[in-house]
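Everything below concerns the one structure shown next.
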Amino acid sequence: MVLTDKTLEEILSYLDNSITKLSRETISNSEFHLEGRNLKQFLDSQYEIRLDNLLQRKNSNIHHLESKLKNKIIQRKQKLLEKVYREFKI
């Protein structure tokens, strides 16, 4: 399936909310003992896993996307993770 810009935007918005919520819950939960670099790696891998799952639901994957859409995902991911790192002082 070919993804439209609108569909990709919906996926990325959902992903933004999901990763922000995960960050908040991970930091506030005493069961997680992730700090600094480990927490960054965890959030980065969760972003990739969740993105892949969301794309699969649309019968697509990152390898089937146009380079313009891939670039949009990369930029959005970087902005989100930088925002999360600043907000939660990671």
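In my numbering, the protein residues as written are 1 to 90. C-beta atoms are modelled at their ideal positions from N, C-alpha and C, and glycine is treated no differently. These figures come from a predicted structure and were not determined experimentally.
Collapsed DSSP secondary structure at residue i in the structure displayed
i   : result
S67 : helix
I19 : helix
F32 : coil
L80 : helix
F88 : coil
K58 : coil
T26 : helix
L3  : coil
Sub-7 Å separation of residue i and residue j beta-carbons
i   : j   : result
I74 : Y47 : no
S60 : L3  : yes
D16 : L80 : yes
Beta-carbon separation (whole angstroms), residue i vs residue j, contact threshold 8 Å
i   : j   : result
L12 : R76 : 5 Å
**Prompt:** Any contact of the stretch 26-37 with the stretch 60-78, i.e. 3+ C-beta pairs under 8 Å?
**Reply:** no
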